[in-house]
Amino acid sequence: MRYRYDDTGRVVEQLNPAGLSYRYQYEQDRITVTDSLNRREVLHTEGGAGLKRVVKKELADGSVTHSGYDAAGRLTAQTDAAGRRTEYGLNVVSGDITDITTPDGRETKFYYNDGNQLTAVVSPDGLESRRAYDEPGRLVSETSRSGDVIRYAYDNPHSELPATTTDATGSTRQMTWSRYGQLLAFTDCSGYQTRYEYDRFGQMTAVHREEGISLYRRYDNRGRLTSVKDAQGRETRYEYNAAGDLTAVITPDGNRSETQYDAWGKAVSTTQGGLTRSMEYDAAGRVISLTNENGSHSVFSYDALDRLVQQGGFDGRTQRYHYDLTGKLTQSEDEGLVTLWYYDESDRITHRTVNGEPAEQWQYDDHGWLTDISHLSEGHRVAVHYGYDDKGRLTGERQTVENPETGGTAVAA
Numbered sequence: 001m002r003y004r005y006d007d008t009g010r011v012v013e014q015l016n017p018a019g020l021s022y023r024y025q026y027e028q029d030r031i032t033v034t035d036s037l038n039r040r041e042v043l044h045t046e047g048g049a050g051l052k053r054v055v056k057k058e059l060a061d062g063s064v065t066h067s068g069y070d071a072a073g074r075l076t077a078q079t080d081a082a083g084r085r086t087e088y089g090l091n092v093v094s095g096d097i098t099d100i101t102t103p104d105g106r107e108t109k110f111y112y113n114d115g116n117q118l119t120a121v122v123s124p125d126g127l128e129s130r131r132a133y134d135e136p137g138r139l140v141s142e143t144s145r146s147g148d149v150i151r152y153a154y155d156n157p158h159s160e161l162p163a164t165t166t167d168a169t170g171s172t173r174q175m176t177w178s179r180y181g182q183l184l185a186f187t188d189c190s191g192y193q194t195r196y197e198y199d200r201f202g203q204m205t206a207v208h209r210e211e212g213i214s215l216y217r218r219y220d221n222r223g224r225l226t227s228v229k230d231a232q233g234r235e236t237r238y239e240y241n242a243a244g245d246l247t248a249v250i251t252p253d254g255n256r257s258e259t260q261y262d263a264w265g266k267a268v269s270t271t272q273g274g275l276t277r278s279m280e281y282d283a284a285g286r287v288i289s290l291t292n293e294n295g296s297h298s299v300f301s302y303d304a305l306d307r308l309v310q311q312g313g314f315d316g317r318t319q320r321y322h323y324d325l326t327g328k329l330t331q332s333e334d335e336g337l338v339t340l341w342y343y344d345e346s347d348r349i350t351h352r353t354v355n356g357e358p359a360e361q362w363q364y365d366d367h368g369w370l371t372d373i374s375h376l377s378e379g380h381r382v383a384v385h386y387g388y389d390d391k392g393r394l395t396g397e398r399q400t401v402e403n404p405e406t407g408g409t410a411v412a413a
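Just so we're aligned, residue 1 is where the sequence shown starts under UniProt numbering, counting upward by one.
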């Protein structure tokens, strides 16, 4: 990797023989970044000194996003390429995020204690999760959205690692730690204990479970795992190249799996059982070709934002993909089948069509919880309905089959 600078010490070029190179052009409140694939991104800035922030970004596909900040340079709003705005409320003193309002108007609220530790999160559906701490600031309990509580206890006033955890059912797990923070023993809620050993470099060398089940791990002088052996002497070995890439795994039965890499550390082939699969990459490091064990090829193409737009399969089929301004899949094509994907204002998928005909449908309640999934089968709409309690926990499922000709509905438990 090589760099070039201008007279003021700014990077104007980054040359990377292993992948993408970049050129940087500086203007008043504007930076243009161009990569070696001639993709251009323009960053518009405001503010001075340490408060300079990117307020507008022109992406390589022509889309534009905006960001807003307060006087202290903290992010307060983002507008995506579709013009949808997300707002962030901040505590003016601490800078902690107090609420996030998404483009659909749904709000998530955050609460903190005097130590700026998160104590509660209220989701848009009204459900709340909570966290409690002791005087030194250690986590002592977590309450989930459903009301289940996990408690943490410490046996050392100076330790930040819990000695026990107790879940909502009353089951307790015990942990023993070394003075370096390594887990030495774990006892599950049934009383079964697992013990761990380490070398002087902190690498785990042995795991001992109940009934004499043990695993032993060995490393080379560079700290790379070279062997895992069980109590019966069955050993799996690992080999590496000079760059530290894993090149081979030899299982206890002698089977050998190998991986080869290019000069820049990207895997270019894998061989297992005498069968080889190979990969090719473009300058951006994206896989553009796969060759399977039978010699068949699959090729891939991408757009300016690195999204997959076309795939030629091993069987000769071609699939294409289209996205909206925010990156959601809106259309996929598979030979003669064209599928359109639709979403609501909360980015939840609502339905899709295949060659213009209705296919699956998804429905949600006011909380945002999925209530129905349905599809057409031989002219009948088959649906699965979901029920929840007031904590958002799934309480039931039922299936219905609707006959569009008679309007009748059959219900299955």
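Just so you know, even glycine gets a beta-carbon here, dropped at the ideal spot from N, CA and C.
Could you compute how far the alpha carbon of residue i sits from the alpha carbon of residue j?
i	j	result
residue 349	residue 339	13 Å
residue 326	residue 124	22 Å
residue 18	residue 269	18 Å
residue 335	residue 364	32 Å
residue 299	residue 256	28 Å
residue 293	residue 229	31 Å
residue 170	residue 140	15 Å
residue 99	residue 66	19 Å
residue 119	residue 101	19 Å
residue 12	residue 129	48 Å
residue 74	residue 23	28 Å
residue 57	residue 157	49 Å
residue 166	residue 390	24 Å
residue 231	residue 215	6 Å
residue 367	residue 109	15 Å
residue 10	residue 173	54 Å
residue 51	residue 68	12 Å
residue 145	residue 267	43 Å
residue 222	residue 153	37 Å
residue 281	residue 178	45 Å
Between residue i and residue j, which are expected to be in contact by the criterion C-beta below 8 Å, what is the C-beta distance as a whole number of angstroms?
i	j	result
residue 261	residue 286	Not really, about 17 Å apart at Cβ, beyond 8 Å.
residue 168	residue 150	7 Å
residue 385	residue 398	5 Å
residue 103	residue 84	4 Å
Residue i by DSSP, collapsed to three states: which one?
i	result
residue 135	coil
residue 340	strand
residue 181	coil
residue 127	coil
residue 49	helix
residue 212	helix
residue 157	coil
residue 188	coil
residue 362	strand
residue 397	strand
residue 93	coil
residue 357	strand
residue 242	coil
residue 391	coil
residue 35	strand
residue 56	strand
residue 99	strand
residue 305	coil
residue 163	coil
residue 143	strand
Go to residue i, then tell me how far its beta strand (DSSP E) extends in each direction, as first and last residue.
i	result
residue 89	85-90
residue 329	329-334
residue 14	11-15
residue 349	349-354
residue 300	297-302
residue 371	370-377
residue 77	75-79
residue 424	Any answer about residue 424 is impossible in this case: the structure gives the chain only from 1 up to 413.
residue 27	22-27
residue 283	Segment: none, residue 283 is in no beta strand (DSSP E) and carries neither H nor E.
residue 367	Where residue 367 is concerned, there is no enclosing beta strand (DSSP E), given that its DSSP letter is neither H nor E.
residue 194	193-198
residue 230	225-230
residue 108	107-112
residue 318	318-323
residue 345	Careful: residue 345 lies outside any beta strand (DSSP E) and carries neither H nor E.
residue 68	64-69
residue 203	No beta strand (DSSP E) holds residue 203; DSSP gives it neither H nor E.
residue 260	256-261
With a Cβ-Cβ cutoff of 8 Å, do residue i and residue j count as a contact?
i	j	result
residue 20	residue 2	no
residue 320	residue 310	yes
residue 387	residue 395	yes
residue 259	residue 236	no
residue 403	residue 380	yes
residue 372	residue 359	no
residue 47	residue 53	yes
residue 77	residue 88	yes
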